[in-house]
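Engineer: First to last, the protein sequences are chains D, C and P. Sequence positions in the first sequence follow my numbering and run -13 to 286. Sequence positions in the second sequence follow my numbering and run 550 to 1500. Sequence positions in the third sequence follow my numbering and run 3 to 255. Shown below is the structure under consideration.
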Amino acid sequence: MDIDQQGDLGEGSSTNRGIVSPGEIITSSKEYMRGHGTYVDEEQVVSSLSGTIERVNKLVSVKALKQRYTPEVGDLVIGRIVEVGSMRWRVDANARQDAVLMLSSVNLPGGVQRRKIESDALKMREFLAEGDLLVAEVQAFFGDGAMSLHTRSLKYGKLRNGQLLSVSPRLIRRLKSHFHHIPPPCGPSGVDIILGLNGLIWVSVGTSVESREGGEGFDAEGVYSNKNDDITPEGRQAISSIASIIKILAMYNIPLSDILISSAYEWLSSQREDDEDGISAEMGKRMVEDLTGVQVTAAA
Amino acid sequence: MMTTAGPSHPPITILKRTRADLGLAQNKFLKKTAKGKVLSFLRERYVRDDIPCGFEGCDQCRDLPGYKPVLQKGYRHTKIDPHYLVIDTNIVLHQMDLLEAFPPDLALIIPSTTIRETRHRSLPLYNRLQQLVQDDERKVWIWWNEERRETATHAEENEGPNDRNDRAIRLTCHFYNQHLPIGHPLIVLLTDDRRNRELAEAEGLVCCNTKTYVDGLVPEVRQDLVDLVVGGVDAEVVTRGRRVYEEYLSQDVLNAGIKTGRFVQGYFNASQYNYLEGTVSGILLAGRQAMNRSVQGDLVVVELLPKAEWRAPGQDVVDADVDQRNDDVENEVEAKEKIQENVGRPVPTGKVVGVVKRNWRAYVCHLDRSSLLPEAQLASLSQQTVFATPLSVTLPRIRLRTRQAPTLVDQKILVTIDSWSPFSRYPDGHFVRALGKVESKEAEQESLLLEYEVPYRPFGKAILNCLPVEGDSWKVPPKGDLVWRDREDLRDLIVCSIDPPGCQDIDDALHARELPNGNIEAGVHIADVSHFVLPNNPMDSEAASRGTTVYLVDKRIDMLPALLGTNLCSLRPFVERLAFSVIWEMNDDAEIVNVRFVKSVIASKEAFTYEAAQNRKDGPLKDPLTQSIRLLNTLAIKLKAARMRAGALSLSSPELKIHLASSESAEPIDVEQKQLRETNSLVEEFMLLANISVAAKIQETFPATAVLRRHGEPPKTNFEALQDILHKRRGMTLDVSSSKALAESLDACVDPQRPEFNTLVRIMATRCMLAAEYFGSGSVSKEAYRHYGLATPIYTHFTSPIRRYADVLVHRQLAAAINYTPLHPSLQSKSHIEKTLNVVNKRHRLAQMAGRASVEFYVGLALKGAARREDAFVIRTFRNGLAVFVSALGLEGLIMFKDIEYDAENYIITVGGVTIGVFDRVRVEVGVEKDKNTQRGKVKMVMIEPVNQTL
Amino acid sequence: MASSRLEILNDGGLRHDARRPYELRSLSLELSTHPNADGSSTVSQGLTTVSASVFGPREPKQRAGSVHDKASVVVEVGVAPWAGAREVRRTRGDKRLLEIAAAIRQTFEPVIMTHLYPRSEIAVHIQVISADGGILPTAINATTLALVDAGISLIDYVTSLSLGLHLTQPLLDLSAPEEADLPTLVVAALPSGKVTLAQMETRLHVDRFEEMLTLGVEGCGVLKTEMDRVVKDRTTRVVERMDKVIQGRITGD
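Listed below in structure tokens is the structure:
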């Protein structure tokens, strides 16, 4: 075991930039404080994960290569309703526990400032039923550690007109915005991408800037609709191409960003014949290598 | 490969498979279950580079694990030389005797393919091959061909298993040719398979068949080997002549038949009385065709005949020697087999349709003088075909070809059966070696040992190396030595031993004394053999395979080297010896208050014979030693009474004592029945008590692996015949509901006029019993531990570790049970215990038979001088004669009559107006008659009274 | 026909598959073989191949499985129809399979830092793909890798090994025919030497047991070294790639 790395934790050469395995001693607990992914045993800070050492001042933690999503307040997540309860929905947001969306934390048809009335509680399933997908923000935590969500913004709410992808949460980093729009010629109206911090990604048909910004008021009909809009075949193809690109990038453990995705789309358009569908494994590999300069001899 | 250093064992490594080995990564094979379901098995295998070649001075292999310089340079037994022989499986299967007779310095390379196939085909041959391989004198090297990368094979398409094995063996030859340095000895492939030879020659290998090879040896060697070659060149199929037997059915048909219950599988048991009759699992096989080439002990498959063809077992005594006198060796002239008129109740009758497994071994035989060519009797050395008659009457005659016929006429010879074609009335065999002149002491002794499979070779060097280095000057070291650890000093106890006269291996001694509290302390001290015989060393392995010491009239085949048996372990008087003691505290009624087991050091004060001890006890002396014997005796009487109350059987089997004039002469002077004294019973009671106490202790400590001895309750049906005879002839009943009931009803079978009648009934009852056997306590349920004869719930053998291996195991277990030593792991393995005890049981049985046969031989010798007239009792009636038992000689014999009336229902025959039945006393003349053909001395009995046959 | 049984250890000191007593079978370790699971692995030891998938920590599928102060560990074991496992029936409720599942759960409960994941569930799904002895140890090794892959906190690696006793000779990493003939001990241990599982079905003398246990722990150490090498290799490779992309992007922007 690399005990002799104790001195320069996290600052070694890039080939093993403080990479540790479970049970491996990182440093002495007298000088450092233990953070996530570590435990203290006989005055030593020991890793409990396989991953990289992260150090902030005297706090040492280990970040795993991939891990379930750990929520933080303000995170944008995508989730699926698993249960409709009294005054609340239970949402699977790919975390350790199901999230809760209170009836009081959603915008209801009839105006942003509308008061909730008793009949709303009876109609909850009309708004969001089991299996529905939604995008929301982490608002707070309950005592038992479960997160509370809210959709009190026009940007949030039920999802439709698109496709859900699941990648490792580590590949999605906190950004200024998690709503991205890839403009035409990627599909007739472009493609929208929502990168949920919990590793879920929503790729849908592009919308106008106004509706994205929620500028022209609350569309009561649209928000809780269960029906997709009509999507042209070209639009569908664009969605599936973007989805494929994301899957391939994720397969090679490439952190995702809107720029990367759109340049990948451009690369693909330039490489691909018109009548070609999908992306071959060989092509995917070339794409990753051309875009990132990483040699991918084998999938991770 | 990664390693971690370990001090006590080789490093633990992970075998990594290279891509190139993938073709050799697994073996797939199909197997049919007993139910007929076909299962596919996949087994992994690896190939290695660290298998040594065994060549003297090989640079590449010298440091590999297991390397020994076995293959040395330069022996000369043929003109083309030097060479190494590579042998295939068929050579092992058919030419084993030849292999064993090869000069020891003839280098053999045996590919593991050969070994594995031999193991699969025949376990006895495999064992003999193992002995050959392990013999340090010989230059035999095993080449693990399938394990070494260069010679590993994998199945090719359309290649049968035999072809693949042949190819593997040829690959071995190629490997050696390439691996050995330039100028290496010639690699010669020895095979009798023509196709294999052709292929080998095409591949540029040197190969040879057995006959050619032996013929090419230098004359001195060749002379000894030439008769051992089986089959000659590529054994041509003999189809000449008439088909005598039906062909066996194919394996598949047999299996299917056994499964559906149409066929029965069992061991073939030839009749002692009729050479044309045998039984398999209670099914009668009548006639040569029905027995269809089965030989005693073969595992055969029998088809039941329709009920209309069922027959009763023959009531005649049919003697093969008389009947077959006129058979011609060369030409199969059909001797007329008398179809016997069948009387009696028909029993299930069948015929043999297949043989699952042969139980052929080497048999002791005589050459049949009548089968020799007349002119050949004049010392011609041409090869001729002759008959050999085995000693045992349950075996058929064997036909063999030999060049030495005239010199073998008066010899006992060893012959093995090679094959039995359906076109031949007799099996074909080959001559192995001569044992010596008929009736010479050496030849008789050796043939006895061979016949009963007693291992009698002298102890090898490796075994003798396990003895204490001090040899016979070994002494109990002074106190404080390691030997004394946890050992009690009992040297001051008044201990003595009581044994038969002339006993050299004294393994038990006794003592008794009164305790201050009024109770009595009694002790049995057994030689501490397990101190000298350590588990799993060569001496232990040898003892385990010998199982027991075999006592013949004039020879003892020791289980342990004599230094131990008759000296260091023998509890001789006036010297200090290590012992394992069982010490009881008993009350006046001989009830055990307390028992303890302890390793000890004793010094015996006297070694008595039974007679001397008896005299001492009855005499006037009042010294402590005498008192001790008297005390023991009173206890023993009470113990015996208690045992009898519990239902112990007092059984009888005739025991004889042969007096020899001197150890040099083979002439016995006198035969007498052993006399039993009170002191015999004294020793016996305490030994039984020790055994029972020890059994309980080890069973408690090792419930799964304790070595115990049991005697099963005989099935009631065993007694039916005896009960019927007793009832019809004497109006007596035999209650067999329990051992106690049996003991009591046996006691009631008394004829006031004839005191010996009771003994006779006891002898006959004993024959209905099952044999006692050793077993591991985990292998049967606790109820089955019972010893029926002794009427005790648990029993073992502890008291004779010098001459019985089971006792050695029990000693080790007891030592572990009292925390003296840790138990050796092999004694914790249930399967190991079972395997060992199976061998011991078998050896024990055979040893008893050998002992009896030896007595019989000497009785025969004693009778040769002068026929004796003795009283005899009829024990069985036949349609043409009687079986009688002569108790004075312990002999059973047949008396044949010409014209008799036979009443099977009432066990009576009528001869010349005189009626004789079972249990009747008759007077017979016992003499020895020599068979002209076989040279076999046979006990012959002739009736004197009430019918005088001599007139 | 004489159906001779297998020769466990021949005169050349070789086992039926030509291994020597202290040699383990060829080992292959793969990570993330099941894309839908949070962590997964496939481990082959000789002809025994087991894949493990870990789901969680997640909301317990059954409410009753929820423990307020730690995660509950749920293990399910299945055997593929073609696996050739004669020792277990493939039905779900087979006792042997339930036993294996229970042994795995007991092995990992003290090793997973369950207190970090209250009210959640860690589900381990074991699939035996082919069986040639040592299902349990291989499954334990696969589970360790899958847990590491899932980023679940462990005190240390757990590795496991079967070993048998042929008369007095211990044999490591038994194949199916050896397992059928010998008293078998399955050891699972942490690299510190702490034993988390020692399972055997035949009686063995206490002296031999200690010796075998020590040997088993040593063998587990060898497996751990190999396992750590594979895990580190993978982590290093992925981390390097991610670093490169991130750095490349920064300079590219």
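Don't be surprised by glycine CBs; every beta carbon is placed ideally from N, CA and C.
1. Taking the beta strand (DSSP E) that M237 of chain D falls in, what are its first and last residues?
2. Taking 6 Å as the cut-off, does the CB of P1050 of chain C come closer than this to any heavy atom belonging to the ligand MN?
3. Which residues in chain P have a C-beta closer than 7 Å to the C-beta of L1363 of chain C? List them in chain order.
4. How would you list, in chain order, the residues of chain D whose beta-carbon sits under 9 Å from the beta-carbon of I106 of chain P?
5. Using only the alpha-carbon positions, how far apart do V767 of chain C and S1380 of chain C sit?
6. On the criterion of 16 or more Cβ atoms from any shown chain inside 10 Å, does A911 of chain C qualify as buried, or is it exposed?
7. Span of the alpha helix (DSSP H) holding A191 of chain P?
8. Roughly how many angstroms lie between the CA atoms of L120 of chain D and G65 of chain D, to the nearest whole one?
9. Only counting the same chain, and skipping five residues up and downstream in sequence, which positions put a Cβ closer than 7 Å to that of E1134 of chain C?
10. Since R568 of chain C and A20 of chain P are thought to touch, with beta carbons under 8 Å apart, how far apart are those beta carbons, to the nearest angstrom?
11. Buried or exposed, going by whether 16 or more other CB atoms sit within 10 Å of the CB of G606 of chain C?
12. I'd like the list of long-range same chain contacts for I234 of chain D, defined as Cβ closer than 6 Å, with 5 residues on each side in sequence excluded.
13. Is there a Cβ of chain D sitting closer than 7 Å to that of L156 of chain P, yes or no?
14. Rounded to whole angstroms, what is the Cα-Cα separation between V935 of chain C and A1402 of chain C?
15. Determine which residues share a DSSP beta bridge with M88 of chain D and list them.
16. To be precise: take each residue of the region 651 to 670 of chain C, compare its Cβ to all Cβ atoms of chain P, and keep it if any distance is under 9 Å. Which residues remain?
17. Taking beta-carbon pairs under 7 Å, can you tell me which members of the region 122 to 143 of chain P lie near chain D?
18. Counting only beta-carbon atoms, is P174 of chain D nearer than 7 Å to chain P?
19. Under 7 Å, Cβ to Cβ, is there at least one residue of chain D near V247 of chain P?
20. What are the boundary residues of the beta strand (DSSP E) that includes I162 of chain P?
21. My output table needs one value for C722 of chain C: the three-state DSSP class, helix, strand or coil.
22. Out of C:L1339, C:K1189, C:D1057, C:P660, state which residue places its alpha-carbon closest to the alpha-carbon of R1352 of chain C.
23. Kindly indicate which residue of C:I600, C:D1452, C:Y794 has the alpha-carbon position closest to the one of K1277 of chain C.
24. Mind checking if R243 of chain P is an interface residue toward chain D, Cβ cutoff 7 Å exclusive?
25. Give me, in chain order, the residues of the same chain whose beta-carbon lies closer than 7 Å to that of K52 of chain D; leave out the 5 immediate sequence neighbours on both sides.
26. Could you give the distance in angstroms between the alpha-carbon of R1392 of chain C and the alpha-carbon of F1146 of chain C?
27. Name the chain P residues that come within less than 9 Å of R811 of chain C, Cβ to Cβ?
28. In whole angstroms, what separates the C-alpha of I265 of chain D from that of Y251 of chain D?
29. Return no unless some Cβ of chain D is closer than 7 Å to the Cβ of P59 of chain P.
30. Leaving out five residues on either side along the sequence, give the residues of the same chain with a beta carbon under 6 Å from the beta carbon of R236 of chain P.
31. Please classify L1083 of chain C as buried or exposed, where buried requires at least 16 neighbouring CB atoms within 10 angstroms.
32. Using C-beta distances below 7 Å, list every residue in its chain close to P112 of chain P, excluding the 5 sequence neighbours before and after it, in chain order.
33. Going along the chain, which unbroken runs of the beta strand (DSSP E) with 3 or more residues stay wholly within the region 41 to 107 of chain P?
34. Whose C-beta lies closer than 6 Å to the C-beta of H733 of chain C among residues of the same chain, with five residues either side of it excluded?
35. Could you have a look at Q1498 of chain C and say whether DSSP puts it in helix, strand or coil?
36. Pull up the distance between the alpha-carbon of E116 of chain D and that of P95 of chain D, whole angstroms please.
Structural biologist: The relevant details are as follows:
1. Taking the first sequence and counting its residues from 1, the one referred to as residue 237 of chain D is at position 251. Unbroken run through M237 of chain D is the alpha helix (DSSP H), 219 to 237; no beta strand (DSSP E).
2. Among the components modelled here there is no ligand, and therefore nothing to report on the ligand MN.
3. Your numbering for residue 1363 of chain C matches position 814 in the second sequence. The premise fails here: L1363 of chain C is roughly 16 Å from chain P at the closest Cβ pair, so nothing lies under 7 Å.
4. Along the third sequence, one-based indexing puts residue 106 of chain P at 104. Neighbours of I106 of chain P on chain D: none; closest Cβ ~17 Å, over 9 Å.
5. For this step, residue 767 of chain C is matched to residue 218 along the second sequence. For this step, residue 1380 of chain C is matched to residue 831 along the second sequence. C-alpha separation (whole angstroms): 48 Å.
6. Residue numbering aside, residue 911 of chain C sits at position 362 when the second sequence is read from its first letter. Answer is buried; the Cβ neighbour count reaches 16.
7. On the third sequence, residue 191 of chain P is found 189 positions in, with the first residue counted as 1. Taken as a continuous stretch (DSSP letters only), A191 of chain P belongs to no alpha helix (DSSP H), being part of the beta strand (DSSP E) at 186 to 191.
8. Along the first sequence, one-based indexing puts residue 120 of chain D at 134. Along the first sequence, one-based indexing puts residue 65 of chain D at 79. C-alpha separation (whole angstroms): 6 Å.
9. To locate residue 1134 of chain C, count along the second sequence from 1; it is residue 585. Within the same chain, E1134 of chain C has close Cβ partners L1064, N1068, E1070, V1142, N1143.
10. As a working mapping, residue 568 of chain C is identified with position 19 in the second sequence. As a working mapping, residue 20 of chain P is identified with position 18 in the third sequence. At roughly 18 Å, the Cβ-Cβ gap does not stay under 8 Å, so R568 of chain C and A20 of chain P are not in contact.
11. Residue 606 of chain C sits at position 57 when you count from the first residue of the second sequence. Label assigned to G606 of chain C: exposed.
12. To locate residue 234 of chain D, count along the first sequence from 1; it is residue 248. Closer than 6 Å at the Cβ level, and outside the excluded window around I234 of chain D, lie G270.
13. Here residue 156 of chain P refers to the residue found at position 154 when the third sequence is read from its first residue. It does: the Cβ of L156 of chain P has a partner Cβ on chain D nearer than 7 Å.
14. For the purposes of this step, residue 935 of chain C is taken as residue 386 along the second sequence, with counting starting at 1. For the purposes of this step, residue 1402 of chain C is taken as residue 853 along the second sequence, with counting starting at 1. Straight-line Cα distance between these residues: approximately 27 Å.
15. Position 102 of the first sequence, counted from the first residue, corresponds to residue 88 of chain D. BP columns for M88 of chain D point to D:R74.
16. S661, I664, R665, R668, H669, R670
17. S122
18. As a first step, residue 174 of chain D must be located in the first sequence, where it is residue number 188. So, not an interface residue.
19. Sequence index remark: in the third sequence, residue 247 of chain P carries index 245 (1-based). Cβ-Cβ to chain D under 7 Å: yes for V247 of chain P.
20. Here the question's residue 162 of chain P lines up with position 160 in the third sequence. Strictly speaking, residue 162 of chain P in this sequence is Ser, with Ile absent from that position. Here the beta strand (DSSP E) through S162 of chain P covers 161 to 168.
21. Working through the second sequence from its first residue, we reach residue 722 of chain C at position 173. Correct three-state label for C722 of chain C: helix.
22. Numbered from 1 along the second sequence, position 803 holds the residue referred to as residue 1352 of chain C. Considering only alpha carbons, the answer is C:D1057.
23. Reading the second sequence from its first residue, position 728 is the one you call residue 1277 of chain C. K1277 of chain C has its Cα closest to that of C:D1452, out of C:I600, C:D1452, C:Y794.
24. Start at 1 with the first residue of the third sequence, and residue 243 of chain P comes out as number 241. Answer yes: the Cβ-Cβ gap between R243 of chain P and chain D drops below 7 Å somewhere.
25. What you label residue 52 of chain D is simply residue 66 of the first sequence in a count that begins at 1. Taken in chain order, the residues that qualify are S154, R156.
26. What you label residue 1392 of chain C is simply residue 843 of the second sequence in a count that begins at 1. What you label residue 1146 of chain C is simply residue 597 of the second sequence in a count that begins at 1. Distance between the alpha carbons of R1392 of chain C and F1146 of chain C is about 29 Å.
27. In the second sequence, counting from the first residue as 1, residue 811 of chain C sits at position 262. Simply none; closest approach about 19 Å.
28. Reading the first sequence from its first residue, position 279 is the one you call residue 265 of chain D. Reading the first sequence from its first residue, position 265 is the one you call residue 251 of chain D. Going by the C-alpha atoms only, they are around 11 Å apart.
29. Here residue 59 of chain P corresponds to residue number 57 of the third sequence, with the count starting at 1. True, the Cβ-Cβ gap to chain D drops below 7 Å.
30. Here residue 236 of chain P refers to the residue found at position 234 when the third sequence is read from its first residue. So the qualifying residues of the chain are L33.
31. The residue labelled residue 1083 of chain C in the question sits at position 534 within the second sequence. Label assigned to L1083 of chain C: exposed.
32. In the third sequence, counting from the first residue as 1, residue 112 of chain P sits at position 110. The answer, listed in chain order, is T198.
33. 41 to 47, 50 to 60, 74 to 81
34. On the second sequence, residue 733 of chain C is found 184 positions in, with the first residue counted as 1. Taken in chain order, the list of residues that qualify is empty.
35. On the second sequence, position 949 is the one that residue 1498 of chain C refers to. Correct three-state label for Q1498 of chain C: coil.
36. Along the first sequence, one-based indexing puts residue 116 of chain D at 130. Along the first sequence, one-based indexing puts residue 95 of chain D at 109. Distance between the alpha carbons of E116 of chain D and P95 of chain D: 19 Å.
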